[in-house]
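Chemist:
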Amino acid sequence: MTNSGRIELMAPAGDFTSMQAALDNGADSIYFGVEQLNMRARASMNFIIDDLPEINKRCSEKGVRTYLTLNTIIYDHDLSIIKTLLDKAKEANITAVIAMDQAVISYARQIGMEVHISTQINITNIETVKFYALFADTMVMSRELSITQIKKICDQIIKDDVRGPSGNLVEIEIFGHGALCMAVSGKCYLSLHSANSSANRGACKQNCRKKYTVIDQETGFEIELDNEYMMSPKDLCTISFLDQLIDSGVKVLKIEGRGRAPEYVATVVKAYREAIDAIAEKTFSQEKVTEWMSRLETVYNRGFWSGYYLGQELGEWSDNSGSSAIQKKVYVGKGRHFYPKSNIAEFLIEAYDLTVGDKVLIQGPTTGSQEMIVETMQVDEKPEAKKASKSDVITFKTDFRVRPSDRLYKIVQA
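Numbering (the numbering used here), first residue to last: 14 to 427.
1) Just to check my reading of the structure: Ala-284 and Ile-339 have Cβ atoms closer than 8 Å, yes? What is that Cβ distance to the nearest angstrom?
2) With a Cβ-Cβ cutoff of 8 Å, do Val-425 and Lys-347 count as a contact?
3) The alpha helix (DSSP H) spanning Leu-92 covers which residue range?
4) Out of Glu-329, Thr-30 and Asp-173, which one is the CA nearest neighbour of Ile-139?
5) Would you check if there are 3 or more beta carbon pairs closer than 8 Å linking the segment 302-309 to the segment 382-390?
6) According to DSSP, Ser-382 sits in a beta bridge with which residue or residues?
7) Output needed for Leu-255: all residues of its chain with C-beta closer than 6 Å, excluding positions within five of it in sequence on either side, in chain order.
8) What does a CB cutoff of less than 7 Å around Lys-103 pick up in its chain, not counting 5 residues either side in sequence?
9) Give a yes or no on whether the C-beta atoms belonging to Ile-87 and Val-117 are separated by under 8 Å.
10) Give the range of the beta strand (DSSP E) segment to which Pro-275 is assigned.
11) Under 6 Å Cβ to Cβ from Phe-60, same chain only, skipping five residues before and after it: list those, please.
12) What residues in its chain sit with their C-beta under 6 Å from that of Ile-160, if we drop five residues either side in the sequence?
13) Can you look up Ser-42 in the DSSP assignment and give me helix, strand or coil?
14) Where do the ends of the beta strand (DSSP E) carrying Pro-396 lie?
15) Please state the DSSP three-state secondary structure of Lys-264.
16) Could you give the DSSP three-state label for Asn-116: helix, strand or coil?
17) By Cβ distance, which residues of its chain are closer than 7 Å to Leu-99, with the 5 residues on each side in sequence left out?
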């Protein structure tokens, strides 16, 4: 938990751009995967083992905790890789490992690395918490629990003085926002059966996000369900009742989304940062919730629902296969130069036109995800230009440093 006493806000980091977006927007901790042994192993965004020192350096400079996800099923041939990775993580001063396999938990304890228990363990009661307290200081609860059930576990931890290896009371972590799986705590076998690609090894093919037809095998009668995506839950969103979740006694709120874009990380983390601070400062209100929701709707989502926290027995299902975001980004061009004395950034336009007044995103591994309005710009050294097109070189003022590795996007209505 953060030093301020506020609930810890944990952000996803699929790559350095998303990690920087999390750091810039108020995350207290980040979680990330390295290469193949994490639940997003097939995602296009993953770190490599040599990135560990840089991850620690950039996060420690901001006082942000770092959690390595090693929460897949582990086979014998994985053990040497596991030990190498944990040794390197320990050497790089990564804060903790998120684990579900006893081999990972055991080796992390051997080398003195803090362990967090993954949601894949499916913890649903205080006795299971007590068992894993022998190994771990933080535990993610099953996603299917209600606030009432979570509060009972948190209260019992205090009553029974349940402490982890650090000697501190065990801390409870929950998911606060992002994609949900139809399977209990993410344990799904559809991908394995259909494509020999195990979701429990981080290789989910997302069968549940597709449209299906139901067939009566006796008569051959077919029916297309009114809800076309009846296995694809809407995204979890808890910002409207975040005060109730915090009151339950949870210590860590986790944002899902290591496979999502940097602007998703920036927008979601910023909204929840403001909400957590508002609750602590007693300024949390319905008016603010409405404003936060309007911002969350601009980035990737499958529609929103409250999960099982409010006691709902069945899920709410999405009505399309992709995002319901009301905005999207289109690639415009790439960074060329930055003039620090005047804070002027230079870009080469490679795709879409850009017009004064457009809202843009500038993203890069060190820059993160920065959003701004282009108020004035110069095109091919012609001042006060109104529009730029493909092959034009443009400059405009920013309040942050731009790098040659950065990419320029325009935000448009979806």
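Don't be surprised by glycine CBs; every beta carbon is placed ideally from N, CA and C. The structure presented is a predicted model; accordingly, all values stated were derived computationally and were not measured.
Modeler: Result, derived from the coordinates:
1) Contact flag wrong, Cβ pair sits at about 15 Å.
2) no
3) 92-104
4) Asp-173
5) no
6) DSSP output for Ser-382 lists Gln-376 as bridge partner(s).
7) Excluding five sequence positions before and after Leu-255, the CB atoms of its chain that fall closer than 6 Å to its own CB belong to Ala-288, given in chain order.
8) Ile-124 and Met-126
9) yes
10) First-last for Pro-275: 275-293, but that is the alpha helix (DSSP H), not the beta strand (DSSP E).
11) Phe-45 and Val-47
12) The beta carbon of Ile-160 sits closer than 6 Å to those of Gln-257, Ser-261 and Tyr-322, all from its chain and outside the five residues before and after it, given in chain order.
13) strand
14) Counting along the chain, Pro-396 sits inside the beta strand (DSSP E) bounded by residues 395-398.
15) coil
16) Reading off the sequence, residue 116 comes out as Ala, not Asn. It is helical.
17) Val-110, Tyr-120, Ala-121, Ile-124 and Met-126
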